[in-house]
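A.B. asks:
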Amino acid sequence: MALVRKILSLPFSPSITVPLVIALTYGPSNVREPLLQALGQYLNEENIHRVITALKVLAVGGLLSGVNKRLNRWALNNWKWSSDVQKWKWSREVAVVTGGCSGIGLHMVKQLLEKGIKVAVFDIQSPPKELQKCE
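63 is the number that numbering that gives the first Met the number 0 gives to position 64 of the sequence shown; each next residue is one higher, with no gaps.
(1) Give the single residue among I123, S125 and E92 whose Cα lies nearest to the Cα of E113.
(2) With DSSP as the reference, identify every bridge partner of V96, one or two as the case may be.
(3) Say whether the stretch 65 to 80 touches the stretch 26 to 33, bearing in mind that this needs 3 or more beta-carbon pairs closer than 8 angstroms, one atom from each stretch.
(4) By DSSP, does G115 sit in helix, in strand, or in coil?
(5) Taking only three categories from DSSP, how would you classify Q40?
(6) Within the continuous alpha helix (DSSP H) that includes S14, where are the two ends?
(7) From L62 to S14, what distance separates their C-alpha atoms?
(8) When the Cβ atoms of the stretch 15 to 23 are set against those of the stretch 48 to 57, are three or more pairs found closer than 8 angstroms?
(9) Could you have a look at M0 and say whether DSSP puts it in helix, strand or coil?
(10) Go ahead and pull the three-state DSSP assignment for P33.
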């Protein structure tokens with residue numbers, strides 16, 4: 000399954016699409032011409048231009064996706080470039096859990112309480128006995 004996912008993600012990979020766009024549009028003629036001739040065997044000239052346009056869109060989308068992933072990782076790390084796991088203070092954290100009186104929510108509340116995290120539980124049900132004794 001992981002191999003299939005990797006293969007399906009190749010068209011969105013800038014490491015594939017950017018070199019193809021450069022080779023097909025700005026590359027030297029000894030590189031560009033054989034590529035265009037190979038495409039010409041399967042596509043007419045109008046469709047070749049559509050393929051190049053699609054590659055450009057995929058390249059830009061892949062680059063923007065990569066930038067988005069990096070920014071998300073940076074934001075999740077409190078806008079710090081390096082991760083400092085040793086300075087994480089669980090006792091200073093507060094978690095809000097909706098639906099924390101039963102099921103998965105209750106399990107999450109228990110796990111958070113074990114780590115020493117303060118937990119606020121919001122649910123339409125009344126809290127179970129095991130949570131009522133917690134402050």
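Note that the Cβ used here is the ideal one computed from N, Cα and C, for glycine as well. Keep in mind that this is a model prediction, so the values were computed, not measured.
C.D. replies: With the given structure in hand:
(1) E92
(2) V120
(3) no
(4) coil
(5) coil
(6) P13 to T24
(7) 9 angstroms
(8) yes
(9) coil
(10) helix
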